[in-house]
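Protein chains in written order, with full-length UniProt numbering: chain A, 1 to 228; chain B, 1 to 228; chain C, 1 to 228; chain D, 1 to 228. Even for Gly, the Cβ is constructed at its ideal location relative to N, Cα and C. Step one of this worksheet: look at the structure below.
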DNA sequence: TCCTAAACGAGACGGTACGTCTCGTCTTAGG
DNA sequence: CCTAAGACGAGACGTACCGTCTCGTTTAGGA
């Protein structure tokens with residue numbers, strides 16, 4: 001009688017999406033549909049080709065126009081998808097941004113283990129900035145942060161699904177450093193915030209240019225400060 | 001022959017506005033206009049009452065609805081002002097946000113001089129967060145950052161008119177610390193970035209709750225790291 | 001990929017609209033929408049209820065305020081319609097005026113056949129002026145002519161879609177007169193212009209008052225002049 | 001205490017203006033002001049240079065852009081005049097259009113006296129159309145008619161100050177024809193309407209191209225019809 | 001010689017309409 | 001029951017123009 005739940009149970013957008021595009025070679029909209037040029041329903045379940053086409057369109061749009069030129073209408077147009085299809089699976093722009101961001105995660109930053117926290121962090125920062133610069137993910141993340149300022153739900157998504165997850169991945173680096181005695185365990189929490197803040201600040205100011213010396217100095221300061 | 005520059009020389013929006021509302025008691029729209037209820041031109045020059053009414057309307061709107069519910073239309077409606085009047089003096093939303101932010105600057109954070117960089121920074125952070133929490137300025141600043149992601153002009157305004165200016169004000173604190181030998185001069189630049197990043201991260205995550213211990217620890221880390 | 005044509009093929013505004021409202025009793029905006037008070041999409045095709053509501057709103061607005069007080073914004077407001085809906089189907093004000101004019105065509109002037117050109121024309125002029133006086137169509141037509149002075153597209157619409165069409169309907173009257181030998185065939189073209197000019201002049205001067213004797217004299221002159 | 005009367009007594013716009021520009025060579029805006037490039041008050045009376053500049057600007061604007069692109073703002077801009085100066089002397093757009101029209105009157109159509117009404121009218125129509133085609137007056141008149149549809153005051157101005165005046169000048173032609181026995185006196189009134197209607201229709205449809213044969217036929221019909 | 005009056009340019013003001021864009025919802029027709 | 005398609009109401013966007021107002025300047029003419 002009423003509208004179906006949104007999203008349908010068991011197909012959480014943030015879980016299903018990676019399955020679609022995780023394979024590394026993100027399908028282009030053209031390749032995602034059959035030869036007819038018209039992609040149609042495959043029955044009462046999600047069409048992976050549609051999801052891929054939407055993600056790919058959002059990716060390219062973010063890369064070309066940035067957050068400013070991004071709109072659901074344009075994504076639907078490029079993807080050859082209906083808007084309800086998009087809203088069904090990514091009820092919020094934030095969800096779509098997250099999906100775009102995670103579509104690049106396959107080629108993502110490996111957690112380094114160089115035996116030195118400073119070296120690890122330098123490696124991470126440089127890899128992260130290069131990732132942001134060379135993929136649509138930088139734009140996606142800027143968009144996600146901006147979007148989070150307009151919508152509490154988006155903020156929650158950013159905080160709980162994204163930052164928290166990223167923090168978990170970082171945790172291993174800091175745990176190793178604690179074990180090596182490089183930093184005090186009580187400082188880890190604040191160190192993480194400094195680390196995030198530094199990266200966000202640069203991203204939001206559009207200053208993620210490659211500047212190894214400057215990065216090295218900032219990292220060195222963080223590590224030194226957390227020593228004891 | 002052509003249209004005059006926008007804004008006219010000598011009446012830079014970000015400079016003239018504070019004069020209007022800097023006196024601490026921001027006039028309400030109602031009080032900003034005469035008894036007639038209709039505010040009109042005062043000749044071929046800016047009407048301070050209009051400027052004040054627009055700023056006040058933008059302030060209250062930002063406070064009530066946040067960045068999401070903010071629109072120039074609504075500001076014009078509340079201020080009893082015409083939209084061209086707003087665009088004349090604040091060509092960009094960012095300009096308006098900056099004006100709103102700076103309207104609270106009167107009650108702003110005094111640069112402390114406690115003889116210790118850590119104490120100075122703790123004082124500053126706590127004052128800044130309280131400022132963000134208790135005035136519309138927190139919302140204004142979040143809005144400004146978000147807006148800067150949609151518009152290169154806004155980003156330039158944020159970077160060149162705002163962050164740069166704020167950095168200048170901070171410089172004195174760090175200069176004193178350098179003179180006292182607390183930190184190495186070469187570290188100042190990176191330290192400023194860590195400081196900004198930490199505050200921005202908390203603001204954008206809407207976590208500027210009062211947590212003196214945590215703040216103290218982060219500040220301590222920054223200072224320690226910059227020592228040598 | 002690109003935006004669809006505007007308007008979509010097969011739904012020419014000036015053809016589809018009459019079907020909606022031709023039934024004589026123009027539905028009011030209220031009756032044009034369901035009980036919910038909110039009119040929404042009926043799928044990927046034109047909603048006749050919306051079209052009817054827009055026409056009705058434009059009619060009443062023209063009747064109340066005339067061409068001066070007419071605006072798309074106000075039409076949208078009264079019709080409870082979105083502006084893009086109006087622009088989608090009536091890209092030009094002229095299109096809307098034509099639609100309003102033709103909405104009254106149901107009660108329109110029957111082509112008379114009295115056996116005498118002078119009697120036919122007298123009947124036509126009196127019926128036309130009464131039509132202009134007693135329906136919003138007089139205002140709509142004045143508006144259309146005025147609009148045509150501001151916009152080449154509107155002028156083309158007036159000339160090609162309207163005057164030409166009206167001339168066709170008149171042709172039959174003159175053809176009969178030619179067959180009866182009342183007028184020379186070579187004079188028909190100029191006679192039509194005199195006839196149109198006479199009516200337009202009176203309408204634009206707002207002097208379509210009922211004055212049968214005066215009309216009779218003018219008609220008589222035209223017919224006499226075209227005799228040989 | 002209150003605003004001065006508008007316009008000041010004794011300087012009716014439609015009377016004073018011709019005096020300024022009637023001399024045939026309409027001064028350009030540049031020549032209308034002194035060498036300084038800035039035209040200022042010449043005391044508590046009308047500045048003819050300003051009036052001339054405004055008329056000239058309106059003329060050229062109408063010629064370049066037509067009624068569509070005409071605005072008081074643009075006239076003021078081109079004339080280097082203040083908007084209140086314009087509104088002071090031409091309270092209505094219609095007044096300004098009339099002034100522009102009459103600025104060309106110097107080179108206006110001479111009343112012919114060929115001894116034949118048909119020849120007189122042919123001469124008049126051809127001269128009028130040429131006048132409309134080759135000067136800004138055609139545009140001015142179209143604008144005046146269009147403007148009259150938005151404003152009863154403009155309509156009154158068109159009817160009482162303009163059409164009536166023009167009719168007076170024509171009267172002499174018809175009076176001569178009556179004296180010659182070419183037409184019946186009772187037909188003059190209707191004949192004038194046919195004559196006006198024919199010209200207006202062609203002007204408003206932007207079809208005042210030179211077509212002597214067609215004009216001759218229409219004129220012949222009018223004269224024949226008015227014979228008796 | 002001063003003073004009052006009025007026109008001048010300039011341009012800001014509150015409005016309002018423009019035509020376009022995006023939003024998120026809704027309904028279809030077809031697989 | 002999903003899909004592409006696209007219409008829908010809503011309303012913000014930034015611009016143009018409207019007609020009014022006040023400014024400070026300039027000049028003329030009466031006291």
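For the region 177 to 196 of chain A, which residues have a beta carbon sitting closer than 8 angstroms to at least one beta carbon of chain B? Going along the region 177 to 196 of chain A in chain order, one finds 186, 187, 189, 190, 191, 193, 194 and 196 with a Cβ nearer than 8 angstroms to chain B.
Taking Cβ to Cβ, would you say residue 131 (chain D) is nearer than 7 angstroms to residue 197 (chain C)? Counting from one through the fourth chain, the residue named residue 131 (chain D) turns up at place 131. Counting from one through the third chain, the residue named residue 197 (chain C) turns up at place 197. Cβ distance not < 7 angstroms, so residue 131 (chain D) and residue 197 (chain C) don't count as in contact.
Residue from B:97, B:222 and B:50 whose Cα sits closest to the Cα of residue 58 (chain B): Translated into positions along the second chain, residue 58 (chain B) becomes position 58. The candidate whose alpha carbon is nearest that of residue 58 (chain B) is B:97.
Close beta carbons around residue 141 (chain A), own chain, < 8 angstroms, minus the five adjacent residues each side: Within the first chain, numbered from 1, the residue matching residue 141 (chain A) stands at position 141. Around residue 141 (chain A): 97, 101, 132 and 203.
Residue 195 (chain B) versus residue 222 (chain B): straight-line alpha-carbon distance, rounded: The residue you call residue 195 (chain B) lines up with position 195 of the second chain. The residue you call residue 222 (chain B) lines up with position 222 of the second chain. Cα to Cα, the separation comes out at about 8 angstroms.
Could you give the DSSP three-state label for residue 84 (chain C): helix, strand or coil? Here residue 84 (chain C) corresponds to residue number 84 of the third chain, with the count starting at 1. In this structure, residue 84 (chain C) counts as helix in the three-state DSSP scheme.
First through last residue of the alpha helix (DSSP H) which encompasses residue 222 (chain A): Within the first chain, residue 222 (chain A) is the residue found at index 222, counting from 1. Residues 212 to 227.
Is it right to say residue 49 (chain B) is buried, meaning 16 or more other beta carbons lie within 10 angstroms of its own, or is it exposed? Locating residue 49 (chain B) in the second chain gives position 49, counting from the first residue. Per the 10 Å Cβ criterion, buried.
Taking the alpha helix (DSSP H) that residue 199 (chain B) falls in, what are its first and last residues? Looking up residue 199 (chain B) in the second chain gives position 199. Segment 188 to 204, the alpha helix (DSSP H) holding residue 199 (chain B).
Between the CA atoms of residue 125 (chain A) and residue 145 (chain A) - distance to the nearest angstrom: Counting from one through the first chain, the residue named residue 145 (chain A) turns up at place 145. Counting from one through the first chain, the residue named residue 125 (chain A) turns up at place 125. Their Cα atoms are separated by approximately 19 angstroms.
Cβ pair residue 187 (chain D), residue 143 (chain D) closer than 7 angstroms: Here residue 187 (chain D) refers to the residue found at position 187 when the fourth chain is read from its first residue. Here residue 143 (chain D) refers to the residue found at position 143 when the fourth chain is read from its first residue. Contact: no.
Can you tell me the Cα-Cα spacing of residue 66 (chain B) and residue 201 (chain A), whole angstroms? By 1-based counting over the second chain, the position of residue 66 (chain B) is 66. By 1-based counting over the first chain, the position of residue 201 (chain A) is 201. Between residue 66 (chain B) and residue 201 (chain A), the C-alpha separation is close to 22 angstroms.
Which word fits residue 110 (chain D), buried or exposed, when buried means at least 16 other C-beta atoms lie within 10 angstroms of its C-beta? The residue labelled residue 110 (chain D) in the question sits at position 110 within the fourth chain. Exposed is the call here.
Count the other CB atoms within 10 Å of the CB of residue 122 (chain A); is the residue buried (16 or more) or exposed (fewer)? Taking the first chain and counting its residues from 1, one reaches residue 122 (chain A) at position 122. Buried, because 16 or more other Cβ atoms sit within 10 Å of the Cβ of residue 122 (chain A).
Hey, residue 154 (chain D) and residue 218 (chain D): beta-carbon distance below 7 angstroms or not? Mapped onto the fourth chain, residue 154 (chain D) falls at position 154. Mapped onto the fourth chain, residue 218 (chain D) falls at position 218. No, these two residues do not count as a Cβ contact at 7 angstroms.
Measure the CB-CB distance between residue 137 (chain B) and residue 113 (chain B) and report whether it falls below 7 angstroms. Position 137 of the second chain, counted from the start, is the residue given in the question as residue 137 (chain B). Position 113 of the second chain, counted from the start, is the residue given in the question as residue 113 (chain B). Cβ atoms of residue 137 (chain B) and residue 113 (chain B): not closer than 7 angstroms.
Candidates B:216, B:172 and B:80, of which the one nearest residue 190 (chain A) by Cα: On the first chain, position 190 is the one that residue 190 (chain A) refers to. The shortest Cα separation from residue 190 (chain A) among B:216, B:172 and B:80 belongs to B:216.
Go ahead and label residue 149 (chain D) buried or exposed: buried means 16 or more other beta carbons lie within 10 angstroms of its beta carbon, across all protein chains shown. Numbered from 1 along the fourth chain, position 149 holds the residue referred to as residue 149 (chain D). Residue 149 (chain D) should be labelled buried.
Using a Cβ-Cβ distance under 7 angstroms, would residue 200 (chain A) count as near chain B? Against the first chain, residue 200 (chain A) aligns to sequence position 200. At least one chain B Cβ lies under 7 angstroms of residue 200 (chain A).
Just the chain C side, please: which residues come within less than 8 angstroms of residue 150 (chain D) by C-beta, in chain order? Taking the first residue of the fourth chain as position 1, residue 150 (chain D) is located at position 150. Neighbours of residue 150 (chain D) on chain C, chain order: 66, 67, 68 and 146.
Under a three-way DSSP split, which group does residue 101 (chain B) fall into? By 1-based counting over the second chain, the position of residue 101 (chain B) is 101. Three-state DSSP puts residue 101 (chain B) in a helix.
Rounded separation between residue 208 (chain C) and residue 192 (chain C) - CA only: For the purposes of this step, residue 208 (chain C) is taken as the residue at position 208 of the third chain. For the purposes of this step, residue 192 (chain C) is taken as the residue at position 192 of the third chain. Counting only the Cα atoms, residue 192 (chain C) lies some 19 angstroms from residue 208 (chain C).
I'd like to know whether the C-beta of residue 218 (chain C) is nearer than 7 angstroms to at least one C-beta of chain D. As a working note, residue 218 (chain C) is residue 218 in the third chain. Output row for residue 218 (chain C): interface = yes.
For residue 162 (chain B), which of B:99, B:76 and B:77 has the nearest alpha-carbon? As a first step, residue 162 (chain B) must be located in the second chain, where it is residue number 162. Ranking the options by Cα distance to residue 162 (chain B), first place goes to B:99.
If we cut at 7 angstroms on Cβ distances, does residue 226 (chain C) have a partner in chain D? The count along the third chain starts at 1 and reaches residue 226 (chain C) at position 226. So, interface residue.
Determine the closest residue to residue 45 (chain B) out of B:152, B:64, B:85 and B:170, with distance taken between C-alpha atoms. In the second chain, residue 45 (chain B) corresponds to position 45, counting from 1. Residue 45 (chain B) has its Cα closest to that of B:85, out of B:152, B:64, B:85 and B:170.
Comparing alpha-carbon positions, which option in C:56, C:69 and C:180 lies nearest residue 78 (chain C)? In the third chain, residue 78 (chain C) corresponds to position 78, counting from 1. Each of C:56, C:69 and C:180 was checked against the Cα of residue 78 (chain C), and the nearest Cα belongs to C:56.
Going along the chain, which residues of its own chain have a beta-carbon closer than 8 angstroms to the beta-carbon of residue 172 (chain C), five neighbours each way excluded? As a working note, residue 172 (chain C) is residue 172 in the third chain. 111.
For residue 82 (chain C), count neighbouring C-beta atoms within 10 Å of its own C-beta (all shown protein chains included) and say buried if the count is 16 or more, exposed if not. Taking the first residue of the third chain as position 1, residue 82 (chain C) is located at position 82. With fewer than 16 Cβ atoms within 10 Å of its Cβ, residue 82 (chain C) is classed as exposed.
Mind listing the chain C neighbours of residue 159 (chain D)? Cutoff is C-beta to C-beta under 9 angstroms, in chain order. Taking the first residue of the fourth chain as 1, we reach residue 159 (chain D) at position 159. The answer, in chain order, is 205, 206 and 207.
Using beta carbons (cut-off 7 angstroms, strictly below), is residue 59 (chain B) in contact with chain A? The residue labelled residue 59 (chain B) in the question sits at position 59 within the second chain. It does not; no Cβ of chain A falls within 7 angstroms.
Applying a beta-carbon distance threshold of less than 8 angstroms, which residues of chain D neighbour residue 221 (chain C)? Position 221 of the third chain, counting from 1, holds the residue named residue 221 (chain C). Simply 187, 190, 191, 194, 222, 225 and 226.
Please list, in chain order, the chain A residues whose beta carbon lies closer than 8 angstroms to that of residue 214 (chain B). Numbered from its first residue, the second chain carries residue 214 (chain B) at position 214. Near residue 214 (chain B) (Cβ distances below 8 angstroms), the residues of chain A are 189 and 190.
Are any of the Cβ atoms in chain C nearer than 7 angstroms to that of residue 210 (chain D)? Against the fourth chain, residue 210 (chain D) aligns to sequence position 210. No, no contact with chain C.
Check each residue of the region 131 to 145 of chain C: if its Cβ is closer than 8 angstroms to any Cβ of chain D, include it; give the result in chain order. 142, 143 and 145
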